[in-house]
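Report on the following structure.
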Amino acid sequence: GAVVSQHPSWVICKSGTSVKIECRSLDFQATTMFWYRQFPKQSLMLMATSNEGSKATYEQGVEKDKFLINHASLTLSTLTVTSAHPEDSSFYICSASGQTRVGPQHFGDGTRLSIL
Amino acid sequence: RKEVEQDPGPFNVPEGATVAFNCTYSNSASQSFFWYRQDCRKEPKLLMSVYSSGNEDGRFTAQLNRASQYISLLIRDSKLSDSATYLCVVSSNRDDKIIFGKGTRLHILP
């Protein structure tokens with residue numbers, strides 16, 4: 030089945046640091062990937078839709094200059110949290126579909142980000 | 024009306040019992056429906072797709088009611104390992120939108 034790899038799985042860093050998270054589709058090409066954030070005991074929140082070769086589409090309330098998304102190839106999308114602060118601490122998860130853009134989603138393992 | 028709505032629970036159910044959740048959606052153009060399971064501090068995993076004719080996978084049965092715009096998930100003979108949050112997902116090919124429900128928490132009690 031379709032596999033999505035996300036790296037790193039855990040990051041702890043100081044306030045003000047920028048953190049890059051990678052999401053790779055290992056055995057299929059993903060023209061679209063999705064980035065989510067999930068705070069403890071809360072539901073998934075879609076942050077942005079990452080489109081290969083074009084700009085990401087951000088959800089309302091998500092700062093595009095804060096959360097930089099790059100989707101340079103059909104198998105890799107990256108999310109960079111710039112100048113991270115403690116309130117950015119969260120669980121970040123990417124997903125992609127190996128079929129249609131809106132088919133069953135396959136999720137990466139997630140990245141737990143802790144900003145001190 | 025929210026785009027996808029689920030009862031957040033928690034549902035506390037004794038082991039061996041049958042439990043059912045519903046999920047309502049507002050967009051009548053929705054075409055694809057899924058149930059995901061998410062364990063605490065883990066990523067969601069696809070449990071099953073939901074087809075118009077309904078489908079069954081072992082102890083799990085999913086149904087779609089287009090007229091009333093809801094999908095359901097039935098778990099029979101529940102196991103302790105079924106404890107998780109169950110997410111309803113609705114998508115539309117027309118506008119490429121994927122909408123996650125907020126999830127229903129299920130606790131299976133020994």
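So the protein sequences, as listed, match chains A and B. Residues 30 to 145, numbered by my numbering, are exactly what the first sequence covers, in order. Residues 24 to 133, numbered by my numbering, are exactly what the second sequence covers, in order. Virtual Cβ for every residue (Gly too), placed ideally from N, Cα, C.
Ranked by Cα distance from residue 32(B), the first of 80(A), 76(A), 109(A), 71(A) is 71(A).
Rounded to whole angstroms, the gap between the alpha carbons of residue 48(A) and residue 80(A) is 20 Å.
Any Cβ of chain A closer than 8 Å to the Cβ of residue 44(B) would place that residue at the interface, and such an atom is absent.
In chain order, 133 make up the part of chain A whose C-beta sits under 7 Å from the C-beta of residue 72(B).
Residue burial is scored here from C-beta neighbours: residue 69(A) has fewer than 16 other C-beta atoms within 10 angstroms and is therefore classed as exposed. Residue pairing by DSSP places residue 79(B) opposite 84(B) in a beta bridge.
Listed along chain A, no residue sits closer than 8 Å to residue 39(B) by beta-carbon distance, the nearest being about 27 Å off.
Chain-ordered, the chain B residues with CB closer than 7 Å to the CB of residue 138(A) read 66.
For residue 68(A), there are no neighbours in chain B by C-beta distance under 8 Å, as the nearest C-beta there is about 12 Å away.
Contact with chain A is absent for residue 77(B), since none of that chain's Cβ atoms lies less than 8 Å from the residue's Cβ. At least one CB of chain B lies nearer than 8 Å to the CB of residue 72(A). Taking 8 Å as the cut-off, the Cβ atoms of residue 97(B) and residue 108(B) do not count as close. Collapsing the DSSP output to three states places residue 104(B) in a helix. Close partners of residue 122(A) in chain B (Cβ separation under 8 Å): 66, 67.
Note on residue 135(A): 16 or more other CB atoms within 10 angstroms of its CB, so buried under the neighbour-count rule. The alpha-carbon of residue 72(B) is positioned some 9 Å away from that of residue 132(A).
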